[in-house]
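> Dumping the structure here so I can ask a few things about it.
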Amino acid sequence: MHQGGVSSLEMAIEAALYWPDGARKRSKSDHAERARNGRRRLLQALVDKHNEDHSLLGDFAYELKDVVECKVFSEKRGWYYHLNFTLTKGADRGIEDLFFVEVKYVRPVKQEELSVSCFCMIKPTDNGHCYGCTNNGSVNMKHPNSADEYTGGHLDVAGSQEERAQSCVHGR
């Protein structure tokens, strides 16, 4: 059946994608895209801060290339973000270095806070152990070989289903 030159199929598609007021409905892919954008913004801020703290400017500054892996887990009343990502630097924009960062998210009484406990270059062969990542399904996450370099993930505690399902976006 057609209504005003629009087929029933087109009307059904429009009803599935848009609310009656014309606003677009959010889909599962929208949530995934927001999560990816959140990870990228978090990492970009961390890279910018790292460059600033180490006075890396111009060709010496790191540039975020790609987010490779991300896991969020809870341990000792805090939330930890473990991320693998690649950076390029200066004239070597074709060479990508693999990095690991650990960020602890704490929610004190008045203000949320993120603190970086580890930001380091790692080798693809590094294989430090982290219960927080492996117990929550992220077996591909690369950690520094020395467990002393990061603070979270040293306790073998199985998280709840809710914790295991956490996506890696700020705002938990």
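Counting in UniProt numbering, the sequence shown runs from 1 upward without gaps. C-beta: ideal position from N, C-alpha, C; glycine also.
(1) So, at 8 Å on beta carbons, what are the nonlocal neighbours of V157 in its own chain, with the 5 sequence-adjacent residues on each side left out?
(2) Give a yes or no on whether the C-beta atoms belonging to E69 and N127 are separated by under 8 Å.
(3) Could you name the residues of the same chain whose beta carbon sits closer than 7 Å to that of Y18, not counting the 5 residues immediately before and after it, in chain order?
(4) When we look at the beta-carbon of L155 and count the other beta-carbons within 10 Å, is it buried (16 or more) or exposed?
(5) Determine the DSSP secondary structure at residue 194, reduced to helix, strand or coil.
(6) For L98, which beta-bridge partners are listed by DSSP?
(7) Exposed or buried, what is F85 when buried is set at 16 or more other beta-carbons lying within 10 Å of its beta-carbon?
(8) Can you tell me whether K71 is buried or exposed? The criterion is at least 16 other CB atoms within 10 Å of its CB, across all chains shown.
Reading off the structure:
(1) E75, Y131, N135, listed in sequence order.
(2) The beta carbons of E69 and N127 sit no closer together than 8 Å.
(3) Shown here for Y18: same chain residues with a beta carbon closer than 7 Å to its own, the five before and five after excluded, namely R24, K25 in chain order.
(4) Counting every other CB atom within 10 Å of its CB across the protein chains shown gives L155 a total below 16, marking it as exposed.
(5) Examination of residue 194 is not possible in this model, given that the chain is present from 1 through 172 alone.
(6) Looking at the DSSP output, L98 shares a beta bridge with T86, I122.
(7) Buried, since its Cβ has 16 or more Cβ neighbours within 10 Å.
(8) Buried.
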